[in-house]
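**Student:**
There are 2 protein chains.
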Amino acid sequence: MTAVEELNHKGSLAKNASYALATLSTSVKNQALLAMADALQQEETWILEENRKDLDAGKEQGMSEGLLDRLALSHARIDAMAEGLRQIAELPDPVGETLTQTTRPNGLQIDKVRVPLGVIGIIYEARPNVTADAAGLCIKSGNAVILRGGKEALHSNCAIVKVMQNAGYAAGLPEGCINLVENTQRESATALMRLNQYLDVIIPRGGAGLIRAVLENATVPAIETGTGNCHVYVDASANLTMAKEIVINAKTQRPSVCNAQEKLLVHESVAEKFLPGMLTALQKKSVTIIGDERVCALFPDAIPATEEDWETEYLDLKIGVKVVSSPDEAIAHINRYNSRHSEAIITEDMEIAQKFQKEIDAAAVYVNASTRFTDGFEFGFGAEIGISTQKIHARGPMGLAELTSTKYVITGTGQIRG
Amino acid sequence: MTAVEELNHKGSLAKNASYALATLSTSVKNQALLAMADALQQEETWILEENRKDLDAGKEQGMSEGLLDRLALSHARIDAMAEGLRQIAELPDPVGETLTQTTRPNGLQIDKVRVPLGVIGIIYEARPNVTADAAGLCIKSGNAVILRGGKEALHSNCAIVKVMQNAGYAAGLPEGCINLVENTQRESATALMRLNQYLDVIIPRGGAGLIRAVLENATVPAIETGTGNCHVYVDASANLTMAKEIVINAKTQRPSVCNAQEKLLVHESVAEKFLPGMLTALQKKSVTIIGDERVCALFPDAIPATEEDWETEYLDLKIGVKVVSSPDEAIAHINRYNSRHSEAIITEDMEIAQKFQKEIDAAAVYVNASTRFTDGFEFGFGAEIGISTQKIHARGPMGLAELTSTKYVITGTGQIRG
């Protein structure tokens, strides 16, 4: 079977299943999620055996320790996947909610109700736990799903999906609502991005290369997620102790994620007082300092920044630092170079804080807090399928509601248009 | 200047203007809309002269009467454009509205607020009135706009945009917020669809060919609008007098628009009683009848339908008619062939009505009313930029709110993530 044949087959299964899933009761969906969670734990031995095949192949091909760690499953990680599904079962069902109700002068009753998107394609990379997580979120929001994970994790993903299908279908989910693309050559990813006949939306979960490929190739509506070139601006009026704690947290607590800080802007009036101590503290945390001219003058260990630095999401223990002469300069710099993800100002001046929140173009704009909070769990959504950095459909962390669409349901008594 | 050079130049102007426009007060935006309306009427003579150049060129090139009519401006049409802008000025400003407010256990205050999309690209065809209408809606919702109309209307569009720019900028709009692409070769449309550096969204307004081109070529997030292969299903329990009136209205009141009826499905138990009179009435309105086998048997004038008929949006005085044996068959047929636009059931059985509304996958699902009501004005939005037939971002008629995004504005007191 070619990639296109496999996708047409699974696309058709998913589309058919999506109609039944769209009207399935919340309790059946929840029971299925709980059954899938139990089954993942019951089948742990088999899942770990299949995961071992992926790990052995990865080692043989010289996969890095970091990638092998992402790929590896364990008793604890399988428990965490199961726990994730149980948490999704506990969240409110977004489907069926009436968002607005209007009666028009001609008597037409127009209700806007929340409905599933239909069929969602998810393209991701090496982490097999995304498989359970993404499938669980799609099912709870009434969507059929076509998963396309990385080739490194194929055995693990097949095992996880098999277990979820068996348990989920036995618990009343319509057959065909969970699908895994087994052809993991590049052509299957491209074909999925162009499966307009069956897919309603495609969501990439992964690095900048994957996002770019989706942007370039997808004809299915896509939701861009993830890239975060996040700034913290320390204003003239900042509480500098707070600023230091926030920068240490935003930069070093988990540097490889999209809501980690990548750039530090400092008002010139506090640069001399603030920067040497701040940058020394970052250095102690093994952070490499890249600075503009004024930063390099204040802190000789800093490496001179290039234009490229301002645009780059390092995802590493590295920070770009710049001195600015006004909040306006900070705002202009951020709007020019950021990736519309998360930006923060540290200030005691609430007028400047509000100006920053109004003028910065990003999904999340913080006053006096770490950028690391941009996350579905931290925002109280209970779950997250990704963080949207585009402006249409959803912006910022996407929970269950962001996996739905709406429909106008109109009831009349024979109205015709004059 | 090449198309790409022109677009990069205007894209950069629009992006810069978008930051100022995003925080502009409602009253300045409204004053600018009113000033633009007045200016269009004051400059009527010049606009009509420029429109005459387009009309003369069109005639010379043998443009059809229908197209020439779409292209033609008049005193009344310019008044209507001005009136449209005045109505937009009266609508509530969606920007700045707080949609949700949360305080998290750690004290973070998270507000979700409505913000403009940023820069919107609009690609459209021959109607010059779209120019004023689309620009007005974008400005009111705080968005800079890049308009790319058809080459047939270039003189008219240039004149309208010039008048709106002069009046709007004098009234306080940031310069560069209204732009018209003057290169009207195909390459400028394609370049606009790929102007990710400056554009936040692209909206095509036009026929199926334009929509397909955007789907195929755009890397900028697009909102698909317009195609309507709309069905009316007459159920066994229908009030047949009401059914006949609705079908006549939905099919013949304005057959060239996307919310017009294209297909008629009839339950077998009422087919014999309903169809001959219904189809004769349609014939009297010059509608060509295309039917399945059972329809052709009941109504000998009907032309046998092909598979292609069921998929086609005729946009003409033509209707595809089919007899079905159950509501389930009607629903399955519609979900297979429709374009997710507007669908109607005529029934007195409210259980079947609800089933239809739940199971049909479309932007608007009607019980006992004409599909012709799917329209921003009819829905009470006061305006419309188009009708979305995709599921992400917006579905159905798009008013001012659908031209906005959201932003999370978060206020803390030094919170860091543990």
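Residue numbers (numbering that gives the first Met the number 0), protein chains in the order written: chain L, 0 to 417; chain A, 0 to 417.
C-beta: ideal position from N, C-alpha, C; glycine also.
Kindly give me the distance between the Cβ atoms of Ile138/L and Cys176/L, rounded to whole angstroms, as I take these residues to be in contact under 8 Å.
**Tutor:** With 8 Å as the limit, Ile138/L and Cys176/L qualify as a contact, their Cβ atoms being about 7 Å apart.
**Student:** Compute the beta-carbon to beta-carbon distance between Lys14/L and Val118/L, rounded to the nearest angstrom, for a pair I have assumed lies under 8 Å.
**Tutor:** 6 Å
**Student:** Going straight from the alpha carbon of Glu292/A to that of Arg204/L, what length do you get?
**Tutor:** 49 Å
**Student:** Just mark Met80/L as buried or exposed, buried being the case when its beta carbon has 16 or more other beta carbons within 10 Å.
**Tutor:** Residue environment: Met80/L is assigned as buried (16 or more neighbouring CB atoms within 10 Å of its CB, all protein chains considered).
**Student:** Where does Thr403/A land, buried or exposed, given buried means 16+ other C-beta within 10 angstroms?
**Tutor:** buried
**Student:** Cβ of Lys243/L within 9 Å of Cβ of Gly208/L?
**Tutor:** Not closer than 9 Å, so no.
**Student:** Provide the residue(s) that pair with Asn178/L in DSSP beta bridges, ordered along the chain.
**Tutor:** Ile145/L
**Student:** According to DSSP, is Lys283/L helix, strand or coil?
**Tutor:** helix
**Student:** Determine whether the Cβ of Lys262/L lies closer than 9 Å to any Cβ atom of chain A.
**Tutor:** Not one chain A Cβ lies under 9 Å of Lys262/L.
**Student:** Along the region 117–130 of chain L, what residues have a CB closer than 9 Å to any CB found in chain A?
**Tutor:** Gly117
**Student:** Assign Ser187/L to buried or exposed, taking buried as 16 or more other Cβ atoms, counted over all protein chains shown, within 10 Å of its Cβ.
**Tutor:** buried
**Student:** For Ala35/A, which three-state DSSP category applies?
**Tutor:** Checking the sequence, you will find Met at residue 35/A rather than Ala. Helix at Met35/A.
**Student:** Bridge partners for Pro115/L per DSSP, in chain order?
**Tutor:** Thr403/L
**Student:** For the 8 Å Cβ check, are there 3 or more pairs between the region 215–222 of chain A and the region 305–324 of chain A?
**Tutor:** no
**Student:** Contact defined as beta carbons within less than 8 Å: I believe Asn228/L pairs with Ser338/L. What is the distance between those atoms, to the nearest angstrom?
**Tutor:** 4 Å
**Student:** Where does Gly103/L sit, in a helix, a strand or coil, going by DSSP?
**Tutor:** The sequence shown places Arg at residue 103/L, not Gly. Arg103/L: coil per DSSP, three-state reduction.
**Student:** Hey, does Val364/L have any beta-carbon neighbour from chain A nearer than 9 Å?
**Tutor:** yes
**Student:** Tell me Gly208/A's beta-bridge partners as DSSP assigns them.
**Tutor:** Answer is none; Gly208/A lacks a bridge partner.
**Student:** Does the count of Cβ pairs from the region 15–23 of chain A and the region 250–270 of chain A closer than 8 Å reach three?
**Tutor:** Output reads no: the region 250–270 of chain A does not touch the region 15–23 of chain A.
**Student:** Could you tell me the alpha carbon to alpha carbon distance between Leu191/L and Gly120/L, rounded to whole angstroms?
**Tutor:** 7 Å
**Student:** Considering only DSSP beta bridges, list what Leu70/L is partnered with.
**Tutor:** Leu70/L is not bridged to any residue.
**Student:** Going straight from the alpha carbon of Gln40/L to that of Leu33/L, what length do you get?
**Tutor:** 11 Å
**Student:** If Gln356/L sits next to Val408/A, beta carbons under 8 Å apart, how far is it from one beta carbon to the other, in whole angstroms?
**Tutor:** 5 Å
**Student:** With 9 Å set as the bound, which would you pick, yes or no: does the beta-carbon of Asn367/A sit closer than that to a beta-carbon of chain L?
**Tutor:** yes
**Student:** Can you name the start and end residues of the beta strand (DSSP E) that Lys317/L belongs to?
**Tutor:** 317–323
**Student:** So is Gly395/L in contact with chain A if we call contact Cβ pairs under 9 Å?
**Tutor:** True, the Cβ-Cβ gap to chain A drops below 9 Å.
**Student:** Just the C-alpha distance for Gly10/A and Ile333/L, rounded to the nearest angstrom, thanks.
**Tutor:** 18 Å
**Student:** Check the DSSP bridge columns for Lys262/A and list the partner residues they point to.
**Tutor:** Paired residues: His230/A, Gly319/A.
**Student:** Name the DSSP beta bridge partners of Ile288/L, please?
**Tutor:** Under DSSP, Ile288/L shares a beta bridge with Ile318/L.
**Student:** Helix or strand or just coil, what does DSSP make of Met241/L?
**Tutor:** helix
**Student:** Return the first residue and the last residue of the beta strand (DSSP E) that Val129/A is part of.
**Tutor:** DSSP places Val129/A outside any beta strand (DSSP E); the residue lies instead in the alpha helix (DSSP H), whose first and last residues are 128–139.
**Student:** Along chain A, which residues have their Cβ under 8 Å away from the Cβ of Ser404/L?
**Tutor:** Lys390, Ile391, Arg394
**Student:** When the cut-off is 9 Å and only beta carbons count, does Met192/A lie next to chain L?
**Tutor:** no
**Student:** How far does the beta strand (DSSP E) with Asn367/L in it extend, from its first residue to its last?
**Tutor:** 363–368
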